[in-house]
Structures are given as C-alpha cells and as structure tokens.
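Its first residue numbered 53, the sequence shown is counted upward by one per residue in our numbering. Using N, Cα and C, we set each Cβ at its ideal position, and we do this for glycine too. Note that the structure is predicted; figures quoted are calculated from it, not measured.
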Amino acid sequence: MAKFEFSCKGKKLTFPVGTGRTIASELLRLQVPIDTVIVRLNGAVLNELNTILDTSYDVTVVEGFDIESILNNQISSLQISDVSGKYLKRHLKINENGTLCLKLNLMSDDTIKNYVETTFFDTVKNEKLFEGTKKIVFGLSGGVDSTTLAYLLKQIPGLEIHAVTYDDFKTENDPMQEFVKEIAKNNCIIHSIISEQEVRNLFNLNTSIKKILPELMETKDYDKAMYIDHHLTRRALEHYAEQNGIQTIVLGLHATDIIAGLINNYTYGYPLQSMPKRSVGKFTYSYPLCYLTKKELKLYLELIGSPHFKSNKVNPWELNPLDRNFYYYLADNLQTVWPDIQYWLIKATQQTLHAEYAFCENCKGSMQVTSNQDCPKLCDVCKIFKEHGYLKE
Ligand SMILES: [Zn+2]
C-alpha cells in the first residue's frame, strides 16, 4: 500500500495515499501545504509532480509548526458517523491561550434559516449599522445577495427601505426587469429603476453605456470594464440617495467579497477602510451580509422559496480581470482552512493600523503602539515579567 510516513518533531505519522496520483494532489488532499514538506523515496528527494508508486515515502516536515495538531482541526481529517444535515457549518475558534478548536454544526433546513437570520440581525445590532438611520437605499440586482438583502432588510422595524436597480439590462425585454419589480413588490419595498440615460448624464457621456462597455473590452483597458460597471452602479445609487435625502447605502457584499477585497488591498497597498460600516464622502456604506458566505445565502434563498435570478448570459467583463477571480478563489481557500476568518479580518479593519513606536522603560526595546491604546510604559514581555515578580525592584 502506498503511504506517506511523516516525521514531525520526533513523531511518526502515517497517511495512506493513492497510487497513480501525484505527490502534489495527495498533499493537497491531506491539506498539507506543498512547501511544508520534503518527500523522499529511498533517500532521493522527489518533486511534487512525481506519480506515487505502491510503496512508502518519507516525508520530512521542514516547517516548525505542529502539523499534526493543525490537521486535527482541518476538514480533511474529519470523520463523523452521523452526517445528516445539508450544511456543515465550521468555525475555527482561536482561543486566547493560542489553542485551536474546530467547532462543527451540521445544519438542517431550520437551523440554516435560523443561522442566516440571526447572523444578519446580530450584525445590524452589534455593528450599529442603522443607528440613527430612518431611510436606507440598497442596490437590487435580483441576484442571490441583493434578493436575500431585500427579504431580510424589510424585517427591520421602523426602517424605510428603498431599492434601486440600475438599468443595465442586457436587452429591452430582459426578464430581469420584471423580476426585480416582483421582488420589490413581494417585499413591499419602494423600488426605482435608474435609467441608463440618467447615469449617462451623470457622467457626461456622449454615447450609450451599453455601447461603451463592450467597446472597452476591445481596448487595452478591457480589464477595467468590470470596475467601471460597478462604479456606475454605485454612482446610480448615490445619485438616488442624494435626491431622496438618504445617507445610508446598503450593499449585499458577503464574506468572500469582503475577504477578496482585503486581499486585493493588502497585495496592492490600498488603504484599509473600516468595515462593515464605512464613511465614503457624504454617505455611509453598510454591509450587513459581511459575515455570511454565498453558499449560506444561496441555501437560505432556496429554503425560503424565494426565486432569484440566474442569468444565463454573462457579460464578458464579468469574467475579467482574472486576478479578481483569483482573489475570490484565495478567499474561499482561506475560509476552508480558517472557517469564519472574516470575523477576525473585519474586526482588524476597525482598529487604527498606523504604526507608532514607543520605547519600553525596562528593556529599552521599541514597541508598536496602536493609536487607540494609551502609550504603555512597558512592552508586553516586560509586563509579564513584572506581573510574575521577575523584575528587580
Ligand atoms: Zn520591555
């Protein structure tokens, strides 16, 4: 039988692997990062594209982390007898003392529904999304995110909800048009369609946007068309908000949207903005679906029996640029390894991240202080030394 014999910090671990597969595919199946290990057969180092033979391979863990304990908290090593339920909700809890705990919840219809609603209402409440707000506007495109948003927002008491659809319908009798009207009607929400002409005027354009976007796809700026499309939609919403005395704009960005956006920020050095509520010019943008995944939203919509629009025609600019697709892929991978990482990442955006330095009075080392923390006299290490009585009086 083919197997990987791991040596890790003096311990031996054995994993059966499939003959005929590559070393890479088996490492990935086990959720072992490729560069964490060196694989050898009879002492000779093999690269990951070698095909596995019916024999035993020595795998040396080169990184210093405790891979065994980490894998115990990864989905690849889970085996449970009762797998009833539609959705396996995972949450990796990182305790204050640094231990990991993978919490599992096999969800059936009722629990999925309850989970999505509770998460939404908790986000609205805990993040004070609509505090002091009477009127909001949100973008209703008819897709999974905005349809869920319509359904959940209308359950918030005392909030006047305006749905706005920017008319970027693909054809004159695009069924989307009737569909969004239907959603707004079913949810008793005030609904407006912003015509292409209005947006064209807003940008002083001399021709139709329906003509410009496909034309741009044929130029060197083809990779900008999707961002332009999003910006036009956002400006349409802002324009409507301005005309109707609304300050709060709500968007249906879900966890993966947020994480992919943060990866983009980090890799390009764009400034981080606080989430899930941020001031942009004179508006406040709110993202009440920020902790939920697309999968959860999609399952939820199916459960409440709400139709949502599945477009069979995709605009060419929605598939480009590929790097944006890649950030989404990375974000979903990150959530596979660290389910619910969005709670940590979003929290981090709320801290002021400008680095300021001070010096520890004891060891004289420099220490980073965040602006929302009073300047400490001792660094974290010296604080512990002091607390345990190890510092000379
Ligand atoms: Zn110190």
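query: Say the cut is 7 angstroms; is the CB of leucine 211 nearer than that to a heavy atom of ligand 1?
result: A distance criterion of 7 angstroms places the beta-carbon of leucine 211 beyond contact range of ligand 1, judged by its closest non-hydrogen atom.
query: When the distance is taken between beta carbons, is isoleucine 119 closer than 8 angstroms to valine 113?
result: In contact: valine 113 and isoleucine 119 (Cβ atoms closer than 8 angstroms).
message: I'd like the list of long-range same chain contacts for glutamine 83, defined as Cβ closer than 6 angstroms, with 5 residues on each side in sequence excluded.
response: Sequence-distant partners of glutamine 83 (beyond 5 residues in either direction) whose C-beta falls short of 6 angstroms from its own C-beta, in its chain, are Gln126 and Ser128.
field: Between the CA atoms of glutamate 100 and alanine 76 - distance to the nearest angstrom
entry: The C-alpha of glutamate 100 is placed about 5 angstroms away from the C-alpha of alanine 76.
- prompt: Do the region 299-307 and the region 331-341 touch if we need at least three Cβ pairs shorter than 8 angstroms?
  reply: Yes, since at least three Cβ pairs between the region 299-307 and the region 331-341 fall closer than 8 angstroms, the two stretches touch.
message: Following a CB-centred definition, is valine 433 positioned closer than 7 angstroms to any heavy atom of ligand 1?
response: The answer is yes for valine 433.
- prompt: Taking the alpha-carbon positions, what's the leucine 201 to leucine 430 distance?
  reply: If I take the Cα positions, the gap works out to 47 angstroms.
message: Does the structure place the region 317-334 close enough to the region 194-213 that three or more beta carbon pairs sit under 8 angstroms?
response: With the cut-off at 8 angstroms, the region 194-213 and the region 317-334 do not touch.
Where the beta strand (DSSP E) through leucine 158 begins and ends: Unbroken beta strand (DSSP E) run through leucine 158: 152-159.
field: Spatial distance of tyrosine 395 from tyrosine 343 (CA atoms)
entry: Approximately 7 angstroms, taken between the alpha carbons.
- request: Give me the Cα-Cα distance between lysine 145 and glutamate 248, rounded to the nearest whole angstrom.
  value: Approximately 47 angstroms, taken between the alpha carbons.
query: Quick one, are the C-beta atoms of isoleucine 235 and glycine 194 less than 8 angstroms apart?
result: Their beta carbons are under 8 angstroms apart, which means isoleucine 235 touches glycine 194 by this criterion.
- prompt: Under a three-way DSSP split, which group does aspartate 110 fall into?
  reply: DSSP places aspartate 110 in strand when its eight states are reduced to three.
Span separating the alpha-carbon of phenylalanine 231 from that of lysine 180: Separation of phenylalanine 231 and lysine 180 (C-alpha to C-alpha, rounded to the nearest whole angstrom) is 31 angstroms.
message: Quick test of your reading: tyrosine 352 and isoleucine 164, contact by CB under 8 angstroms. State the CB separation rounded to the nearest angstrom.
response: Between tyrosine 352 and isoleucine 164 a beta carbon distance of about 6 angstroms is seen, short of the 8 angstroms cut, so the two are scored as contacting.
task: Would you identify the three-state DSSP class for glycine 191, choosing helix, strand or coil?
output: Glycine 191: strand per DSSP, three-state reduction.
field: Selected residue, minimal CA-CA separation from alanine 215, among Tyr203, Gly191 and Gly441
entry: Out of Tyr203, Gly191 and Gly441, the CA that lies nearest to the CA of alanine 215 is found in Gly191.
message: I want to check one thing, is the minimum distance from the CB of leucine 443 to the heavy atoms of ligand 1 below 7 angstroms?
response: Checking every heavy atom of ligand 1 against the Cβ of leucine 443, none is found closer than 7 angstroms.
query: CA-CA distance, aspartate 375 and glutamate 413?
result: When rounded, the distance between both Cα atoms is 47 angstroms.
field: DSSP-derived helix/strand/coil call for glutamine 83
entry: In this structure, glutamine 83 counts as coil in the three-state DSSP scheme.
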